[in-house]
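In this note's numbering, the protein residues as written are 31 to 707.
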Ligand code: PRX
């Protein structure tokens, strides 16, 4: 599995951890939960697969009902709700108007506490989505099947633009706003976008960030790679004022608020598309350098996120829900935009960092809007705990339900989340899933299962996970041995393929564990997640982390190869290796080792240049904790860099036996450099 064969595979590591005690969901929660009758497990049992998922699809409005729930005739290109037609924007907006036009869709809370909240009703959302759809169709010339790259921060313009695309059957590809212009340019090229939609700036950490510059870099980068961008649409953070130092390019760049004046009040008929059409692309890091465009469907994806939002988030019409993720990640697509809106929910959309202007911000927001469902990551939990571990208790918020996602949460942080943020009143779901999956895969059903700190639950109803050893043999639950996590069956939210690269889709997620590449039976085609995990005797999943060359920083996947190639853009760098080191807040952080060309001084300025190159190429999220400039890399006799040795040194551990290396002596030198004598 690992492309560096010196890395020990999780599959052979026996893991011993203390079994945690169960926590019982509060009776008040169970009473009101959508799923509190165990008959659901029978309905979604393997016997009733795949028809069980009709229950999710029935949450949507279809212009034409599907003929076949699952077409598995061409594995692993599984198709859901085949023959059905629908429109995602219609499902998220139009269909709610008759009875709920005045209901709040979003409270947009700007980061600056003095800036007023924008309350957007479903009626207002309808109007704005229609106007933007008219602009995209008539001004940008976009039509069904075209791709458009969005590089938008956390403001209302982002979900509105996504829904406007969906209304036309246009495929949106949103790039996380913290990613660099270069990263956006790579994605523009890969998706062949002619239109880039960006913003002039946004507020984050107390600063008004200049964002437009990244669009100029993205367009130049795409041009270099052969993809021409015809138009750049720029949303202004404050309409009428320009927040960027970087001038608009005449004939190419247009302010959205100005163009929209011509489309005021226009309505656009939603384009009904096939269930198997593509709704969006979401790029994610994998084992090779280039990010993969996970291609998600309209019908299967929307049904899956609607179902899991309803039953696992337990989102009811009267709830006020707040997911602190960024819409630029899959969590935001599924559980800020498509899932909640499909259910006509009311959500908080917060622009900035949770600790601005201070760590009480989330609790003040929760109090003010009456948030009762809260969704965040272990990184945010750790960061809030570090600032003041009693603070949330001083506020009057009451959560009935809380979610954690993105990385393993250690039991200590889980208990603090439960006792202090949740005041012991909330149920917690630890949801394991991935960009490729579309929605939650493993979690407790909140009204039916007990919780176990540090463990995501069993497979969701209808999802059947298994752990395989290195020979693809199934390790029984409770075996106490970790292995490769896989999902035995297809599910509706699953990506269709890797954009433009079916082979990579098969090779990455299926071929390594496929029982028979010629088989037309889905049972021979389990999905390989790329995580090391164990399943306990109770069926609960404990995730250890990625087994490929991917670092999960604050719940977001970064390819080590991407970071290494960014380092290599500094001409003085001869070789680069990236390892992950444990971090109290972010789980892990990348640390860089470089060897320099002969005669180059290994000084602070050089370290800074290398670090800046990473930030420029990928974004601040990938900023290395340290850059170590070393005389040589530890290598095997066949010339492979021993990342395992470097990782041990970074973690303050003993690098182990290095006598078989080509240059074992350099290891002690590096150890002293990093760890001291
Ligand atoms: O390693 C797992 C970890 O995050 C990876 C997926 O990252 P991404 O595609 O960016 O999606 C993040 C949000 C869905 C997984 O392969 N991961 C995600 N959720 C959990 C987790 N690890 C442990 N526990 C979780 N609940």
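Cβ atoms here follow ideal geometry from the backbone N, Cα and C, with glycine treated the same way.
These figures come from a predicted structure and were not determined experimentally.
- For residue 326, the enclosing beta strand (DSSP E) stretches over residues 322–327.
- For residue 115, the three-state secondary structure derived from DSSP is strand.
- With distances taken between CA atoms, residue 554 lies nearest to 108 out of 617, 108, 285, 62.
- Here residue 592 is buried: its Cβ has 16 or more other Cβ atoms, across all protein chains shown, within 10 Å.
- For residue 585, the Cβ falls inside the 8 Å cut-off from some heavy atom of the ligand PRX.
- Distances from the alpha-carbon of residue 617 to those of 697, 410, 603, 543 put 410 closest.
- Proximity of the beta carbon of residue 514 to the ligand PRX is not indicated: no heavy atom of the ligand is located closer than 8 Å.
- A heavy atom of the ligand PRX is found nearer than 8 Å to the CB of residue 465.
- Scanning its chain for C-beta atoms nearer than 7 Å, with the 5 sequence neighbours on each side dropped, one finds around residue 596 the residues 643, 644, 647, 648, in chain order.
- According to the DSSP assignment, residue 311 belongs to the beta strand (DSSP E) that extends over 308–314.
- Residue 209 carries a strand assignment under DSSP once its states are collapsed to helix, strand and coil.
- Where residue 672 is concerned, there is no enclosing beta strand (DSSP E), because DSSP gives it neither an H nor an E.
- In this model, residue 490 and residue 548 are separated by some 29 Å (Cα to Cα).
- Relative to the ligand PRX, even the nearest heavy atom lies 8 Å or more away from the CB of residue 299.
- Beta-bridge pairing by DSSP links residue 98 to 112.
- Fewer than three beta-carbon pairs drawn from the region 54–67 and the region 496–516 are found closer than 8 Å, and the two stretches are therefore not classed as touching.
- For residue 511, the three-state secondary structure derived from DSSP is strand.
- Collapsing the DSSP output to three states places residue 434 in a strand.
- Taken in chain order, the unbroken stretches of alpha helix (DSSP H) that lie wholly in the region 128–190 and span 4 residues or more are 152–164.
- Taking each of 102, 620, 92, 82 in turn and checking the Cα distance to residue 526, the smallest one comes out for 102.
- Taking every protein chain shown into account, the CB of residue 212 has 16 or more other CB atoms within 10 angstroms, so this residue is buried.
- Straight across, the Cα-Cα distance linking residue 613 with residue 483 is about 20 Å.
- By the neighbour-count definition (other C-beta atoms within 10 Å, threshold 16), residue 128 is an exposed residue.
- In chain order, 96, 97, 98, 101, 305, 306 place their CB closer than 7 Å to the CB of residue 112, counting only its own chain and leaving out the 5 sequence neighbours on each side.
- Using a Cβ distance threshold of 9 Å, residue 234 and residue 137 do not count as a contacting pair.
- The beta-carbon distance between residue 134 and residue 198, rounded to whole angstroms, is 26 Å. This is too long to meet the 8 Å contact definition.
- Excluding sequence positions up to five before and after residue 691, its CB lies within less than 6 Å of the CB of 664, all in the same chain and listed in chain order.
- Here residue 560 carries a strand assignment [DSSP, helix/strand/coil].
- Counting only runs of 3 or more residues that sit fully inside the region 277–306, the beta strand (DSSP E) segments are 283–285, in chain order.
- Just so you know, the alpha carbons of residue 529 and residue 221 end up roughly 7 Å apart.
- The beta carbon of residue 183 is closer than 6 Å to those of 207, 229, 232 in its chain, skipping five residues each way along the sequence.
- Residue 516 and residue 605 have their C-alpha atoms some 34 Å from each other.
- In the three-state reduction of the DSSP assignment, residue 353 falls in the strand class.
- Residue 436 has its Cβ nearer than 8 Å to a heavy atom of the ligand PRX.
- In this structure, DSSP gives residue 444 a helical state, which the three-state scheme calls helix.
- Rounded to whole angstroms, residue 153 and residue 162 show a C-alpha spacing of 14 Å.
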